[in-house]
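The first sequence maps to residues 1 to 671 in full-length UniProt numbering. Structure record follows, encoded as structure tokens.
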Amino acid sequence: MPSPEGESDMLPGLRATVADSRAKAAATRKRRAAEVEAAERDPVARVLVDLPLAHLDRPFDYLVPAKDAESAVPGVRVKVRFAGQDVDAYVVERAAESDHPGRLAPLRRVVSPEPVLAPEVVALTGAVAERYAGSRADVLRLAVPPRHATTEAKPSAPAPETASAATREAWTGHEPAAAFLAHLTDGGSPRAVWSAAPATDWAAALAEAAAATYASGRGSLLVVPDRRDVDRVDAALTQVLGEGHHVVLTADAGPAARYRDFLAVSRGARRIVLGTRAAAFAPVRDLGLVAIWDDGDDLHAEPRAPYPHAREVLLLRADLQGCGVLVGGFARTVEAQQLLRTGWAREITSPREVLRARARVSVVEAGEREHGARVPRAAYDVLRSATAEGPVLVQSPRAGYLPSLACERCRTPARCAACTGPLQLSGPTDPPRCRWCGQQARDWACGECGHRGLRAPVLGGARTAEELGRSFPGLPVLVSGGDQVRATVPDRPALVVATPGAEPLAAVGYAAVVLLDCWLPLARAELRTDEEALRRWANAAGLVRPGGHVVAVGPAEHPALQALVRWDPAGFAEREAAQRSEAHLPPASRMATIIGTPGAVDDMLTLFSGPEGTEVLGPVPVGDDEDEVRAVVRVPRRLGAALSGALGEVQRLRSARKLEAVRVQVDPFSL
DNA sequence: GTCATGTATCAA
DNA sequence: TGATACATGACC
């Protein structure tokens, strides 16, 4: 029991030792501080340290040495001594005084005078970290590319003085697109959710929106799912504005090129940025518009902690910076629909007559086929007549996309008699088993037609191409998918067989688009199954030329196919939104998953106190791994920020106590 | 993460 | 009692 007098009951020798070491430490600090002459003006630098610890996720104050007075400006990289080690940090602010009661350590070194962390990006990364219950250091690593010294030494070439006049041809048929663009040109910040009509050159439309914003003297940020889309919009921007006004930011560029292009943006030499998800953090000067294309594509979800989604990053940014917003796609996500439901954004869409003129969409039941062929009669007829006019796109779901079985005759997915789970083959000789309950299905009979034969339903693109090639002798068959993705196909009669997402672009659009095996993507038992299926079909159908045919082969009465036939992504999203709302699923609710060892997750849940009304589901084991469990926490949407806050709080607490880490994922893309 | 400090535990 | 392990909290 320590006495109230503190050290008084220590041995005299020990007391001396303690006093001695304290004096020494103080002397060392004094000597260090004395060595450094502080900057005269604003001698305090507020810095963010690059440490992975959640509880250190706040600014720390350091003394600016006089020699760094001019270079240690907000945004520059510095080295600081932190708890005995040299760590990387960013200066975020200079100040005259510090709130820190102790003595300030000096900055060790200004790594470079280049300010790479703009104030608005400081704010954005903070908001993203908060929203995703992650650490700002993690977000900063996504936002600022690694330094490349040689590149930094070179100046960024300025953009040409003048740009070509903005056009708005690609927006024809969309309402109220003209008003939206005019508003951007006038310096306004309109927010829109845009459903593109089939045969729309969406890449050109994005470029025109950027050009309209540019005309007001402001910059734009365009985020697309992948490299192919980047190339498309890249070409469109050059077409609309000419060379040298925009820059492309993608992860696949090398370190030097990536840093060079980043600097061109951060220095203000380029104010139009196009890129994939990480570009959402780009420090565009005078940001007037953020745009995202096909926000339902899972490539927009960052796979690294804290797993931010590009759409959410852009929306947070729009809130912080008050810029315009464009969320576009052929399909529409429930999240985008939510922006309309709440009145936050306006809708841009096409009148019925435009849609009718753009594409004739029909659906054919898979049963209406001949000789067990994969393509029913009606679809063949469309193929035959369209191939006389130009290329025809055939979308064929990827082999291995779903390892489940279907009825050999009518192709209804085979379901377990006990629990209605999907049946799958586990080995070449074993009887099929249920994927959910594991029960063997020896005497299976189709619930629809009574047939007893089963088949592995998926033909790869290659098999489809082979089958179709035989039916259309003499016609070139081009295949795109897997690691052989074609960007474009020439405007000549041909069959173009592609897996979803790998559809090439045809110069003037496809004469027809045929979607095979549409029941297949609908047979998955996941959160966004229908939405994802419709998105993939719509993206293929969108490639049709004006007036072309779209034929889907599948269950005609299914709501997703109905939405395709009526080209009604809005109605579909609205219906999905209502269903999700009923089932308390996002975006009606804010959800988060907590994954880790059973002990760590239990512990996390004990420490966690969410807002009033928080539901905790699980934890349940994840996959086959017995060492990992997952818990789901859920609150009504309006409490989303509180949930994120509470999760972040526990993460900080656990990090400070050095407890075993758990993975927290807010709004996970899939469950 | 490192470092310093405080508290618990145990053999001698 | 002293040596040691372990927990806790600060870190500018």
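Backbone N, C-alpha and C define an ideal beta-carbon position, used for all residues, glycine too.
- Look at residue 214 here: in three-state DSSP terms it is helix.
- Under DSSP, residue 328 shares a beta bridge with 194, 293.
- With a cutoff of 8 Å on beta-carbon distance, residue 232 and residue 520 are scored as not near each other.
- Along the stretch 609 to 666, the alpha helix (DSSP H) occurs as fully enclosed runs of 4 or more residues at 640 to 656, listed in sequence order.
- Every beta strand (DSSP E) stretch that sits fully inside the stretch 231 to 260 and reaches 3 residues is listed by chain position as 246 to 249.
- The beta-carbon separation of residue 332 and residue 573, rounded to 4 Å, stays under the 8 Å limit for a contact.
- Looking only at 500, 549, 629, the smallest Cα-Cα distance to residue 532 is reached by 500.
- Classified as buried, residue 309 has 16 or more neighbouring CB atoms from the shown chains inside 10 Å of its CB.
- Here residue 210 is buried, its C-beta having at least 16 other C-beta atoms within 10 Å.
- Within the stretch 529 to 615, the alpha helix (DSSP H) runs of at least 4 residues that lie entirely inside it are, in chain order, 529 to 541, 559 to 565, 569 to 582, 598 to 607.
- Taking C-beta atoms as the reference points, residue 324 and residue 274 fail to come closer than 8 Å.
- Contact between the stretch 344 to 354 and the stretch 195 to 215 is present: 3 or more CB-CB pairs across the two stretches fall below 8 Å.
- Looking from the CA of residue 517, the closest CA among 83, 111, 366 belongs to 366.
- Inter-residue distance for residue 77 and residue 297 is about 34 Å (C-alpha atoms, whole angstroms).
- The C-alpha of residue 111 is placed about 9 Å away from the C-alpha of residue 88.
- Taking the Cβ atoms as the reference, residue 44 lies roughly 13 Å from residue 73, outside the contact range of under 8 Å.
- When beta bridges are read from the DSSP output, residue 488 appears opposite 505.
- In this structure, DSSP gives residue 82 an extended state, which the three-state scheme calls strand.
- Residue state for residue 183 is assigned as helix, using DSSP reduced to three classes.
- Secondary structure note for residue 126: its alpha helix (DSSP H) is the uninterrupted segment 119 to 131.
- Contact between the stretch 577 to 597 and the stretch 655 to 668 is present, with at least three C-beta pairs closer than 8 Å.
- Taking all protein chains shown into account, residue 135 has 16 or more neighbouring C-beta atoms within 10 Å of its C-beta and is therefore buried.
- Minimum Cα-Cα distance from residue 248 among the listed residues 239, 379, 272, 242 corresponds to 272.
- Only residues of its own chain outside the window of five on either side were considered, and among them 290, 325 have a CB closer than 6 Å to the CB of residue 318, listed in chain order.
- With contact defined as three or more Cβ pairs closer than 8 Å, the stretch 179 to 187 and the stretch 146 to 157 are not in contact.
- Taking every protein chain shown into account, the CB of residue 437 has fewer than 16 other CB atoms within 10 angstroms, so this residue is exposed.
- At a Cβ-Cβ threshold of 8 Å, residue 98 and residue 61 count as neighbours.
- Relative to residue 337, the option among 85, 578, 442, 666 whose CA is nearest is 578.
- For residue 144, the three-state secondary structure derived from DSSP is coil.
- Judged by beta-carbon spacing, residue 620 lies beyond the 8 Å limit of residue 628, meaning their Cβ atoms are not closer than that value.
- When Cβ pairs closer than 8 Å are counted between the two stretches, the stretch 298 to 306 is seen not to touch the stretch 235 to 242, the count staying below three.
- Take the alpha-carbon of residue 568 and the one of residue 302: they are about 29 Å apart.
- Taken atom to atom, the span from the alpha-carbon of residue 364 to that of residue 467 is near 19 Å.
- The C-beta distance from residue 66 to residue 93 rounds to 19 Å, too long to fall under 8 Å, and the pair is not in contact.
- A direct Cα-Cα distance of roughly 5 Å separates residue 91 from residue 75.
- Residues of the same chain with a CB within less than 6 Å of the CB of residue 164, apart from the 5 flanking positions on each side, are 241, 242 in chain order.
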